[in-house]
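Asks:
2 protein chains.
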Amino acid sequence: MMDSAEFRKRGKEMVDYMADYLEEIEKRQVYPGVNPGYLRPMIPASAPEDPETFEDVMKDVERVIMPGTASPACTELEIVMLDWLAKMIHLPKEFLAGGDGDGGGVIQGTASEACLMVMLAARTKVIQQLHLKHPELSRGEIMDKLVGYFSDQAHSSVEKAGLIAGVKMRTIPSDEKFAARGPALRKALEEDKAAGLVPFFFCATLGTTPSCAFDNLLELGPICKEENIWLHIDAAYAGSAFVCPEFRHFMKGVEFANSYNFNPHKWLLVNFDCSTLWVKERTDLTDAFKLNPVYLQHNHQECGLITDYRHWQIPQGRRFRSLKLWFVFRLYGVKGLQEFIRKHVRLAHEFEDLVRQDERFEISADVTLGLVCFRLKGSNELNKTLLENINQTKKIHIVPCKLRDKFVLRFVICARTTESHHVQFAWKHIKELAVELLNGGYQTQIRN
Amino acid sequence: MMDSAEFRKRGKEMVDYMADYLEEIEKRQVYPGVNPGYLRPMIPASAPEDPETFEDVMKDVERVIMPGTASPACTELEIVMLDWLAKMIHLPKEFLAGGDGDGGGVIQGTASEACLMVMLAARTKVIQQLHLKHPELSRGEIMDKLVGYFSDQAHSSVEKAGLIAGVKMRTIPSDEKFAARGPALRKALEEDKAAGLVPFFFCATLGTTPSCAFDNLLELGPICKEENIWLHIDAAYAGSAFVCPEFRHFMKGVEFANSYNFNPHKWLLVNFDCSTLWVKERTDLTDAFKLNPVYLQHNHQECGLITDYRHWQIPQGRRFRSLKLWFVFRLYGVKGLQEFIRKHVRLAHEFEDLVRQDERFEISADVTLGLVCFRLKGSNELNKTLLENINQTKKIHIVPCKLRDKFVLRFVICARTTESHHVQFAWKHIKELAVELLNGGYQTQIRN
């Protein structure tokens, strides 16, 4: 909760901190003296409820991070921050690194990369299983049989991951609320199995891109479990909302998932990029990608205490992105983050109410979080023209979608600083352009 | 060439610039008014020879970047910066976006991702070709035939890319200078073709990780061309040196490549991550990854003027990494960057000379750039103990490698601020520990 004056002050302190560090660097040890696992006991087991001060965080940078600079601190803070975040959103404890299980989290760049990583892990796993069962089949013959699934509302990155993985992908038709449901998945599975294919992966979405719809995990999860299908959950946008208990009912059934992903960089006040991915079985990922050249071997790799994140991702190098999480969690506190999400949802409903009060407009999908799908009652052409007029006037910017055969406008609350008066301004502006359009017909469209 | 005082001054100005921007943001247009291609004519066609001032660059941020914030500026600066850099290292002009050809560059996170992207593009291309020739083969049957190649000195990320792409990978034995040569590749190709396989990809390395060896492109290139094999060049480390004409002889044969990659974040004063990849045929990449959902469609996508980098990479979102290149190129100038590289190479030779003057030591590979591979004459055990003693004393840090059956220490000049006295300090320290080890035997190893 940093205002502009505070940002100037703290930003300049950080500049001095960096310059001091570089000036004094030769006095520091060239290689950290800490042992694997050093960091976790030095900080709390979960995020603070209330905001802390910037001074508190900076003191801990010196106390906790600097002795382990850079690589062990970078890895170990990430492990613990992913546990903090998992606890904040009430992920089942199998996904935690610090629990009794074999799970853990990792920061990926984007949800696209997260989906690709788990699809590749699932592919390796099923190929190994099939190879045991059918040693006569070649790898390519096995690959020809594999098929992954996603709803017709899922993000295009799922299909792209399928292209890269070299496996068939099939869409599941969503229901009238744009959610994937059990019977539709079941039907596709039966057809594909009858055709000799092997279903191995399903990507469920919590908060779809077009309309923020939620796939029904309680129906889909048991089917995936029964059919030995890797269930990945893409909650890229909506996932941030689950810091608030009142939105967690959308996650029901998450316990069936093999992997879970969302983007704190989308809606949890963390700068791009920071996409958090958890798996229940770390070895599912590392088995798919583990290679160990001599120049990357180290004394601790077989001790079981440490995490080699290079086996959890495509790149080998890594940035210290967990610092962003640590700072945000502590400067806001869980309560501050909840307040931020709730305010955005309130503002979305404020916009929804304005739309509903105007009978020329209609709401096109349930408003659950920060997205309002709306349109003028009338043709797609009419709505396309309205969108074009809005975006050409350049006072607000709106990105559309297609819901079934309807062209729909998407009003999204997402900026940190959005207030009620912005919502009121936007609605007034949209209404004016709509009135102009409805009165003047298409002929008087604004043409720059 | 920014010293600590200048960094404090400019860093604080940047903090104010950001705060001012956010305070005044509501006065700005929400969506840029520029047209595709707006940026290129606003800046020079190549990097400056001499350094410019920070003020000059910041003036251009306001003049060139802000009117196109964020997405068009982000994309368009990247296109032009990759052209600047291609010119600086004398890449053939087919790799430029601003030339007559169909090439262009893109920033990837790491060389691992770059290699994966082009391997996937090559896979798509060869699958399409084989599918036309043999429509009776399934995709999996085609995949079973594909085989990619890399030298036994190549980085492990090439093998990892093969794992992800789901294709066979084969190593080519390197010669006594640790370089891949034509005859070795030819032999592998003939064997594999005789076995019914389809060679489709070769990753050549300029500056291998273990010893900075250079694969022989003049031998390998024509073979790849003749055999319809995608030639990718991984110059991750050494590529930065090619800003200096005297090192460009190592690139001879680059004209045979389909794609070329190096990491300015390794040795060209750009912060991690920034890995630059060029291709001769943009469509090779985009054909492999193009998907177009409604919410990502835009008015300019079919006009041929713009680049949708989301089809050039795995993630969809992107960071504005070309700003780092723009700042570094202008603040150093080409001459400043050349000076920086030359100084490091000089320092490496200074260390090499010190090693050669001590007959207890030997140099293990030609010293060409900033890496010196050396060892005590004697057993691998002896050298492992020396390395352990060096790294446990924590005054300097050394990463080893295996060259054939020899355990070798790698002394690398890589920090921006390294000077002759650091090299002298390091050598004195290494020699002291070596003397201690040689005099005392293994029994008196330092054990913390």
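Order-wise, the sequence lines are chains V and L.
Quick note on the numbering used here: the first sequence kicks off at 4 and runs consecutively.
Quick note on the numbering used here: the second sequence kicks off at 4 and runs consecutively.
Here a beta-carbon is modelled for each residue, glycine too, at the ideal position from N, C-alpha and C.
1) Is the CB of L:H137 under 8 Å away from at least one CB in chain V?
2) One question on the structure: do V:A437 and V:L372 come within less than 8 Å of each other, judged by their Cβ atoms?
3) Just list the beta strand (DSSP E) runs in the segment 393 to 421 of chain V, keeping only unbroken ones of 3 residues or longer that don't cross its boundaries, in chain order.
4) Can you tell me the Cα-Cα spacing of V:A418 and L:E65, whole angstroms?
5) My output table needs one value for V:T113: the three-state DSSP class, helix, strand or coil.
6) Based on the DSSP secondary-structure assignment, which residues constitute the bridge partners of L:I82?
7) Which chain V residues sit within Cβ distance under 7 Å of L:T113?
8) Against chain A, does V:H400 count as a neighbour if the rule is that its beta carbon must be under 8 Å from one of theirs?
9) Quick one: which residues of the segment 256 to 285 of chain V get their C-beta closer than 7 Å to a C-beta of chain L? List them in chain order.
10) Tell whether a beta-carbon distance below 8 Å holds between V:L271 and V:M5.
11) Would you say the beta carbon of L:L328 comes nearer than 7 Å to a heavy atom of the ligand HEM?
12) Taking V:I399 as the reference, which of V:L385, V:I92, V:V415, V:N264 has the closest Cα?
13) Inspect the beta-carbon positions of L:A207 and L:L234 and report whether they are closer than 8 Å.
14) Mind checking L:R363: buried by the 16 CB within 10 Å criterion, or exposed?
15) Decide if the segment 339 to 350 of chain V is in contact with the segment 118 to 130 of chain V; the criterion is three or more beta carbon pairs, one per stretch, under 8 Å apart.
16) Which one of V:A198, V:V331, V:G224 has the shortest CA to CA distance from V:F205?
17) For V:T447, count the other beta carbons within 10 Å of its own beta carbon; 16 or more makes it buried, fewer makes it exposed. Which is it?
18) In whole angstroms, what separates the C-alpha of L:D147 from that of L:D86?
19) Can you tell me the Cα-Cα spacing of L:K96 and L:T113, whole angstroms?
20) Starting from the beta carbon of L:V121, find every residue of chain V whose beta carbon is closer than 7 Å, and list them in chain order.
21) Using the rule of at least 16 other Cβ atoms within 10 Å of the residue's Cβ for burial, across every protein chain shown, is V:K293 buried or exposed?
22) Quick one: what's got a C-beta closer than 6 Å to L:V161's C-beta in the same chain, skipping five residues either side?
23) Assign L:N442 to one of two classes, buried (16 or more other C-beta atoms within 10 Å of its C-beta) or exposed (fewer than that).
24) Could you tell me whether the segment 327 to 341 of chain V touches the segment 264 to 281 of chain V, using the rule of 3 or more Cβ pairs below 8 Å?
25) Cβ atoms of L:V37 and L:G71: under 8 Å apart, would you say?
26) Hey, which unbroken runs of the beta strand (DSSP E) at 3 residues or more fall wholly within the segment 305 to 376 of chain L?
27) Should L:Q319 go down as buried or exposed, given a rule of 16 or more other Cβ atoms within 10 Å for buried?
28) What three-state label does DSSP hand V:D59 in the structure shown?
29) Pull the bridge partners of L:P202 from the DSSP assignment, please.
30) If you compare alpha carbons, which of L:N383, L:G107, L:N394 is closest to L:K405?
31) Using only CA atoms, which one of V:F203, V:K190, V:P186, V:L374 lies nearest to V:C215?
32) Could you give the uninterrupted runs of the alpha helix (DSSP H) lying entirely in the segment 11 to 80 of chain L, keeping only those of 4 residues or more?
33) What are the start and end residues of the beta strand (DSSP E) that includes L:S262?
34) If you check the beta carbons only, do V:A48 and V:W281 fall under 8 Å apart?
35) Using DSSP with H/G/I as helix, E/B as strand and the rest coil, what is V:G381?
36) So the beta strand (DSSP E) V:T289 belongs to, where does it begin and stop?
Replies: On the basis of the supplied data:
1) Taking the first residue of the second sequence as 1, we reach residue 137 of chain L at position 134. Proximity of L:H137 to chain V, defined by a Cβ-Cβ separation below 8 Å, is not satisfied.
2) Translated into the one-based positions of the first sequence, residue 437 of chain V becomes position 434. Translated into the one-based positions of the first sequence, residue 372 of chain V becomes position 369. Using a Cβ distance threshold of 8 Å, V:A437 and V:L372 do not count as a contacting pair.
3) Within the segment 393 to 421 of chain V, the complete beta strand (DSSP E) runs of at least 3 residues are 402 to 406, 409 to 415.
4) In the first sequence, counting from the first residue as 1, residue 418 of chain V sits at position 415. In the second sequence, counting from the first residue as 1, residue 65 of chain L sits at position 62. Roughly 23 Å separates the two Cα atoms.
5) For the purposes of this step, residue 113 of chain V is identified with residue 110 of the first sequence, where counting begins at 1. In the structure shown, V:T113 sits in coil (DSSP, three-state: anything other than H, G, I, E or B).
6) The sequence position of residue 82 of chain L within the second sequence is 79, counting from 1. Bridge partners of L:I82: none, in fact.
7) Locating residue 113 of chain L in the second sequence gives position 110, counting from the first residue. Under the 7 Å cutoff, chain V gives P318, Q319, G320.
8) Judged by its chain identifiers, the structure shown contains no chain A, and its protein chains are V and L.
9) Taken in chain order, the members of the segment 256 to 285 of chain V whose beta-carbon sits within less than 7 Å of a beta-carbon on chain L are F275, D276.
10) As a position in the first sequence, residue 271 of chain V is number 268, starting the count at 1. As a position in the first sequence, residue 5 of chain V is number 2, starting the count at 1. No, they are not a contact pair.
11) The ligand HEM is not part of the structure shown, which contains no ligands of any sort.
12) Numbered from 1 along the first sequence, position 396 holds the residue referred to as residue 399 of chain V. For V:I399, the nearest C-alpha among the options comes from V:V415.
13) Position 204 of the second sequence, counted from the first residue, corresponds to residue 207 of chain L. Position 231 of the second sequence, counted from the first residue, corresponds to residue 234 of chain L. Closer than 8 Å, so yes.
14) Working through the second sequence from its first residue, we reach residue 363 of chain L at position 360. Label assigned to L:R363: exposed.
15) In short, these stretches do not touch, since the Cβ pair count stays below three.
16) By 1-based counting over the first sequence, the position of residue 205 of chain V is 202. Of all alpha-carbon atoms in V:A198, V:V331, V:G224, the one lying nearest the alpha-carbon of V:F205 is that of V:G224.
17) Your numbering for residue 447 of chain V matches position 444 in the first sequence. Unreliable placement is indicated for V:T447, whose pLDDT of 45 sits below 50; the coordinate value is still reported in the next sentence. Answer is exposed; the Cβ neighbour count stays below 16.
18) To locate residue 147 of chain L, count along the second sequence from 1; it is residue 144. To locate residue 86 of chain L, count along the second sequence from 1; it is residue 83. Between the C-alpha atoms of L:D147 and L:D86 there is a straight-line separation of about 38 Å.
19) As a position in the second sequence, residue 96 of chain L is number 93, starting the count at 1. As a position in the second sequence, residue 113 of chain L is number 110, starting the count at 1. Their backbone Cα atoms lie some 23 Å apart in a straight line.
20) Residue 121 of chain L sits at position 118 when you count from the first residue of the second sequence. Those do not exist, as L:V121 stays about 13 Å from chain V at its closest Cβ, beyond 7 Å.
21) Residue numbering aside, residue 293 of chain V sits at position 290 when the first sequence is read from its first letter. The residue is exposed, with fewer than 16 neighbouring Cβ atoms inside 10 Å.
22) Your numbering for residue 161 of chain L matches position 158 in the second sequence. C118, F153, C206, listed in sequence order.
23) In the second sequence, counting from the first residue as 1, residue 442 of chain L sits at position 439. Its Cβ having fewer than 16 others within 10 Å, L:N442 is exposed.
24) Counting Cβ pairs under 8 Å, three or more are found: they touch.
25) Here residue 71 of chain L refers to the residue found at position 68 when the second sequence is read from its first residue. Here residue 37 of chain L refers to the residue found at position 34 when the second sequence is read from its first residue. Cβ atoms of L:G71 and L:V37: closer than 8 Å.
26) Runs found: 364 to 366.
27) Within the second sequence, residue 319 of chain L is the residue found at index 316, counting from 1. Around the beta carbon of L:Q319, 16 or more other beta carbons lie within 10 angstroms, which makes this residue buried.
28) Locating residue 59 of chain V in the first sequence gives position 56, counting from the first residue. It is helical.
29) One-based indexing of the second sequence puts residue 202 of chain L at position 199. Paired residue(s): L:V150.
30) Here residue 405 of chain L refers to the residue found at position 402 when the second sequence is read from its first residue. Comparing Cα-Cα distances from L:K405 to each of L:N383, L:G107, L:N394, the minimum goes to L:N383.
31) Taking the first sequence and counting its residues from 1, one reaches residue 215 of chain V at position 212. With distances taken between CA atoms, V:C215 lies nearest to V:L374 out of V:F203, V:K190, V:P186, V:L374.
32) If we require 4 residues or more, the alpha helix (DSSP H) runs fully inside the segment 11 to 80 of chain L come out as 57 to 63.
33) In the second sequence, residue 262 of chain L corresponds to position 259, counting from 1. Residues 262 to 265.
34) Numbered from its first residue, the first sequence carries residue 48 of chain V at position 45. Numbered from its first residue, the first sequence carries residue 281 of chain V at position 278. For V:A48 and V:W281, no; Cβs fall outside 8 Å.
35) Position 378 of the first sequence, counting from 1, holds the residue named residue 381 of chain V. Here V:G381 carries a coil assignment [DSSP, helix/strand/coil].
36) Against the first sequence, residue 289 of chain V aligns to sequence position 286. From DSSP, V:T289 is part of no beta strand (DSSP E) but of the alpha helix (DSSP H) over 285 to 292.
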